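Shown next, in structure tokens, is the structure this report addresses.
Chains as they are written, first to last, in UniProt numbering: chain A, 1 to 211; chain B, 1 to 165.
Shown next, in the form of structure tokens:
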């Protein structure tokens, strides 16, 4: 009688599917799962914000059917950051080593005018800073940003009243805190805000500011 | 929505290098059913992708194996397989099992409870140490020893002696 351990040791099974297209399908399934998970988390945030509106008077904007699409960014990179994803047609218009702004076409921002104040209304701003944080009144949704925990919530518009602007804080690969500010008028879903944040890389030229 | 490009490349390289081995492990855990093994591996790799930013390169293989074991266990527990399968005869085997001993052994493995089967597969087919198998099964080393010993004993009782003419 053959030894059972020998049979087990030499046990063979039919080989499974293999090859680049099979691996690509595995990767695609992973991406879809990641998207679903983040989208579900973002949906949870919307529910929490709606609930919080009752208590602290949040200004929650209606869901917009004309949501923006995110695309790869191929324009000039800001100092201190690498940006790989922006809303379609948008561009980086202002930069210094601690921050940059992304704005839609036709907004009129000029990067060569550093002395002029730049309104953040209708623009996404990104800042490298370690001091700001979400107010205690804000609901907080923990999100996955490149495998690190980000916190998505709202600043205060006035005492006891949350703004509809979204703030996302997340650590970059070296642990420095990045803040993404998305005003209500920018029609990105929470999952898209996370997508946008995942496309931001802080370089060694960046300088952290307080705030 | 995807991982950082570098991490996604690492994941792709890992899957390219290790997929065949994971399918083999999965096939052994589901008693040689290659279609079911493919389902198990797809589920496991999706879970691995989600966890990939937190997986260290030196533990990636162990983590992937754990994902496969979990997915195979879940597959067994799925709605259509909840009832214990008591059979008078050995279960049907895939036609591509290569020889009689292998076909018989795969059929016998299917009769073991899932955790016992997994312990036997990881210890005696894959050749993992007790510690490695315990990590994959998320249980104590003592549990691996007892499960694999019971499973092996059961296989010895059932594995047929050759016909004498």
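Cβ atoms here follow ideal geometry from the backbone N, Cα and C, with glycine treated the same way. What you are looking at is a predicted structure, and each value in this text was computed from that prediction instead of being measured.
Query, Result
"In angstroms with no decimal places, state the Cα-to-Cα distance between residue 206(A) and residue 131(A).", "16 Å"
"With a cut-off of 8 Å, do at least 3 Cβ pairs link the stretch 171-182 of chain A to the stretch 13-21 of chain B?", "no"
"According to the Cβ coordinates, are residue 163(A) and residue 67(A) closer than 8 Å?", "no"
"So, at 8 Å on beta carbons, what are the nonlocal neighbours of residue 69(A) in its own chain, with the 5 sequence-adjacent residues on each side left out?", "87, 88"
"For residue 104(A) versus residue 75(A), is the C-beta spacing smaller than 8 Å?", "no"
"Please confirm if residue 232(A) has its CB atom under 8 Å from at least one CB of chain B.", "Since the displayed chain A opens at 1 and closes at 211, residue 232(A) lies outside it and no answer follows."
"Which chain A residues sit within Cβ distance under 7 Å of residue 32(B)?", "13"
"Could you tell me which uninterrupted alpha helix (DSSP H) segments, each at least 4 residues in length, are contained entirely in the stretch 5-38 of chain A, listed from first to last along the chain?", "none"
"Given that a residue counts as buried once 16 or more other Cβ atoms are within 10 Å of its Cβ, and exposed if not, what is residue 138(A)?", "buried"
"Please compile the residues from chain B whose C-beta is within a distance smaller than 7 Å of the C-beta of residue 2(A).", "101"
"Where DSSP assigns a beta bridge to residue 153(A), which residues make up the other side?", "167(A)"
"Report the option in 78(A), 84(A), 85(A) whose CA atom is closest to the CA atom of residue 101(A).", "78(A)"
"For residue 34(B) versus residue 44(B), is the C-beta distance shorter than 8 Å?", "no"
"What span of residues does the alpha helix (DSSP H) with residue 48(B) cover, start to end?", "34-51"
"Express the C-alpha separation of residue 184(A) and residue 56(B) in angstroms, rounding to a whole number.", "38 Å"
"Take residue 140(B) as the anchor and find which of 115(B), 25(B), 157(B), 9(B) has the nearest alpha-carbon.", "115(B)"
"Could you tell me which residues DSSP puts in a beta bridge with residue 155(B)?", "None, per the DSSP bridge assignment."
"What is the residue span of the beta strand (DSSP E) that residue 85(A) lies within?", "85-87"
"Does residue 23(A) have its Cβ less than 8 Å from a Cβ in chain B?", "yes"
"Shorter than 8 Å from the beta carbon of residue 94(B) to some beta carbon of chain A?", "Residue placement at residue 94(B) cannot be trusted, given a pLDDT of 49 that sits under 50; what the coordinates show is reported in the next sentence. Interface residue, yes."
"Kindly indicate the opening and closing residues of the alpha helix (DSSP H) around residue 116(B).", "114-120"
"At a Cβ cut of 7 Å, what residues of the stretch 15-39 of chain B count as close to chain A, listed as they run along the chain?", "15, 16, 19, 20, 23, 24, 27, 28, 32, 34, 37, 38"
"Going by Cα to Cα distance, which pick from 66(B), 120(B), 47(B) is closest to residue 153(B)?", "120(B)"
"Do the CB positions of residue 160(A) and residue 140(A) come within less than 8 Å of each other?", "no"
"Check for me: the beta strand (DSSP E) holding residue 70(A) runs from which residue to which?", "70-72"
"Against chain A, which members of the stretch 48-59 of chain B pass a CB distance test of less than 7 Å?", "49, 50, 53, 54"
"For residue 162(A), write down the residues that DSSP places opposite it in a beta bridge.", "156(A)"
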